[in-house]
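A.B. asks:
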Amino acid sequence: MKSLFSEAKLGNLTLKNKVVMAPMTRSRSIGNVPGDIVATYYEQRAEAGLIITEGTSPSPNGLGYARIPGIFSEEQTKAWKKVTDKVHAKGSKIFVQLMHTGRIGHELNLPKGAKVLGPSAILAKGQMWTDADGMKDHPTPKEMSKEELKQTIDEFVNASKNAIKAGFDGVELHAANGYLLEQFLHPSSNQRTDEYGGSIENRIRFIIEVAKAVSTAIGKDKTAIRLSPYGAFNDLFPFPETHDEYSLLAEKLNEIGIVYVHLVDHSSMGAPTVEPETVKNIRNAFKGTLILSGGYDVDRAEKDLTSGNADLVAFGKPFLANPDLVTRFQKNIPLASFDQTTLYTPGEKGYTDYPKAS
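Heads up, the sequence shown is in this note's numbering, so the first residue is 108 and it goes up one at a time.
(1) What are the start and end residues of the beta strand (DSSP E) that includes His281?
(2) Excluding the 5 residues preceding and the 5 following Val278 in the sequence, name in chain order all residues of the same chain whose CB lies nearer than 8 Å to its CB.
(3) Please classify Gln298: does DSSP put it in a helix, a strand, or coil?
(4) Counting beta carbon pairs with one atom in the stretch 158–176 and one in the stretch 109–118, are three or more of them shorter than 8 Å?
(5) Is the separation between the beta-carbon of Ile178 and that of Thr184 shorter than 8 Å?
(6) Return the chain-ordered list of same chain residues with a C-beta closer than 8 Å to the C-beta of Gly473, the five sequence neighbours on each side being excluded.
(7) Hey, could you find the ends of the beta strand (DSSP E) Thr330 is sitting in?
(8) What is the C-beta distance between Asp342 and Gly304, in whole angstroms, given that I count them as a contact (C-beta under 8 Å)?
(9) For Tyr148, which of helix, strand or coil comes out of DSSP?
(10) In this structure, does DSSP put Val477 in helix, strand or coil?
(11) Measuring straight from C-alpha to C-alpha, what distance separates Phe344 and Asp372?
(12) For Leu356, I'd like the list of residues in its chain whose CB is within less than 6 Å of its CB, leaving aside the five on either flank, ordered along the chain.
(13) Taking C-alpha atoms, which residue in Ser444, Leu334, Asp411 and Ser465 lies nearest to Pro130?
(14) Where do the N-terminal and C-terminal ends of the beta strand (DSSP E) with Ser400 fall, by residue?
(15) Taking a contact to mean a Cβ-Cβ separation below 8 Å, would you say Phe393 touches Leu419 in this structure?
(16) If you count every other CB in all the chains shown that lies within 10 Å of the CB of Asp192, and 16 or more means buried, which is it?
(17) Per DSSP, what kind of secondary structure is Met131 in: helix, strand or coil?
(18) Spatial neighbours of Pro430 within its chain, please: CB distance less than 7 Å, with the 5 preceding and 5 following residues excluded, ordered by chain position.
(19) According to DSSP, is Asp411 helix, strand or coil?
(20) Give me, in chain order, the residues of the same chain whose beta-carbon lies closer than 6 Å to that of Ile440; leave out the 5 immediate sequence neighbours on both sides.
(21) Indicate the three-state DSSP secondary structure (helix, strand or coil) for Ala115 in the structure shown.
(22) Suppose the cutoff is 8 Å on Cβ atoms and the five residues either side in sequence are ignored; what does the same chain contact list for Asn388 look like?
(23) Buried or exposed for Glu154, please, with buried defined as at least 16 other CB atoms from any protein chain shown within 10 angstroms of its CB.
(24) Report the residue from Lys189, Ser296, Tyr148 and Val264 whose alpha carbon sits nearest the alpha carbon of Ile211.
(25) Rounded to the nearest angstrom, what separates Ala408 and Asp301 at their Cα positions?
(26) Just to confirm my understanding: we take Lys189, look at its own chain, exclude 5 residues before and 5 after, and list those with CB closer than 6 Å. What are they?
(27) Quick check: Ala339 and Pro379, are their CB atoms within less than 8 Å of each other?
(28) Mark Phe275 as exposed unless 16 or more other C-beta atoms lie within 10 angstroms of its C-beta, in which case mark it buried.
(29) State yes or no: is the C-beta of Pro248 within less than 8 Å of the C-beta of Leu170?
(30) On the CB-based measure, 16 or more other CB atoms within 10 Å of its CB, does Ser375 come out buried or exposed?
(31) Between the beta-carbon of Glu250 and the beta-carbon of Gly233, is there less than 8 Å?
(32) Take Gln298 as the anchor and find which of Thr452, Gly423, Ala282 and Ser227 has the nearest alpha-carbon.
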């Protein structure tokens, strides 16, 4: 049997296989509350040993996209409990990805009183879909004050506690893909002159503070993070200190003792390839579980697992149209293709209506 399909330990958890369902925004949560079809969607894909949910905001300020879920209210927390119950009934484990969109958002997508925030008041190039008025340019974010930084850390902690109440096995902090936590890492989006900007040590400070606060609140065995060094998404691109910064960040995360680092390589989508030396440094510095993702097939996954490059491998797009992905992998059944036009539309079409192979 391939290593990919064998059991694995993740902190105190035992996973039924080493296949991880990667987080993917699907924009099906009307009113920012995950409904019954969201529960069905994840239940259908619970062949994975571990599911990581779509980006879920810890704050009204982080709901940058239309119809993405949150986990800061009691209503949202109760709704997520339906999801975790269904996934656990199928023998899978599930982490919620906490995604604060930061400067990637628009006021038309935010609840009343919420604000588009960022490390600095620097505009991100590009546009954002709004249900109210179609495509709109990103607005210039408000630079976060010290009080807003503290409030945001508190929001991550509150959301993490809600996640445990909702039955999640842990939380993944989204510090990738150009959202708030990664915005602090990049000199192009973070030009602060206080202790959160300037040097590498200062730019990683906010992420470390969030990770420490969350792990103290819910346990380091339930706290994880996603990183995308050398990514090129949401107007953030590699910079000269990328290698050194992510190497130091891995050391600091190891000191905290979080359960896993999820490293995503976007080169299959046109971004620069993640430097092997950077991956090696992260692997050596971080002693917890390492999840790799980005354009994997079974053979490549098996190679990285057996060589020790990764402990688990995450698959994203293949899960969209193949709810029974693990079975298809095991039985060498051809994969179905997904409908690009329904990735972010409301409703069941292109979401829960993809059939299993048998």
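We treat Cβ as the ideally placed atom computed from N, Cα and C, and that holds for glycine. For clarity, every value in this text was computed on a predicted model and none was experimentally measured.
C.D. replies: On the basis of the coordinates in this document:
(1) Counting along the chain, the beta strand (DSSP E) containing His281 begins and ends at Gly277 to Ala282.
(2) Once the five neighbours on either side are set aside, the close Cβ partners of Val278 are Phe202, Val203, Gln204, Leu205, Ala266, Ser267, Ala270, Val321, Ile325, Lys329, Thr330 and Ala331.
(3) If DSSP states are grouped into helix, strand and coil, Gln298 belongs with coil.
(4) A contact between stretches requires three or more CB pairs, one per stretch, nearer than 8 Å, and the stretch 109–118 fails this requirement with the stretch 158–176.
(5) Their beta carbons are under 8 Å apart, which means Ile178 touches Thr184 by this criterion.
(6) This structure leaves residue 473 out entirely; the chain is present only between 108 and 465.
(7) Thr330 to Leu334 is the extent of the beta strand (DSSP E) around Thr330.
(8) At roughly 18 Å, the Cβ-Cβ gap does not stay under 8 Å, so Asp342 and Gly304 are not in contact.
(9) In the structure shown, the three-state DSSP call for Tyr148 is helix.
(10) Residue 477 is absent from the model: the chain starts at 108 and stops at 465.
(11) Roughly 13 Å between the two C-alpha positions.
(12) Ile311.
(13) It is Leu334.
(14) First-last of the beta strand (DSSP E) with Ser400: Thr396 to Ser400.
(15) No.
(16) Flag for Asp192 reads exposed.
(17) Looking at Met131 - three-state DSSP - the assignment turns out to be coil, as it is neither helix nor strand.
(18) Cβ neighbours of Pro430 beyond the five flanking positions: Gln151, Arg152, Tyr461 and Lys463.
(19) Asp411 falls in the helix class under three-state DSSP.
(20) Closer than 6 Å at Cβ, skipping near neighbours: Ala464.
(21) DSSP places Ala115 in the strand class (E or B) of the three-state scheme.
(22) The beta carbon of Asn388 is closer than 8 Å to those of His350, Tyr353, Ser354 and Ala357 in its chain, skipping five residues each way along the sequence.
(23) The residue is buried, with at least 16 neighbouring Cβ atoms inside 10 Å.
(24) Comparing Cα positions, the closest option is Ser296.
(25) Approximately 42 Å, taken between the alpha carbons.
(26) Correct list, in chain order: Ala146.
(27) Yes. Within cutoff.
(28) When all chains shown are included, Phe275 counts as buried.
(29) With contacts defined as CB atoms closer than 8 Å, Pro248 and Leu170 fail to qualify as a contacting pair.
(30) It counts as exposed.
(31) No. Outside cutoff.
(32) Out of Thr452, Gly423, Ala282 and Ser227, the CA that lies nearest to the CA of Gln298 is found in Ser227.
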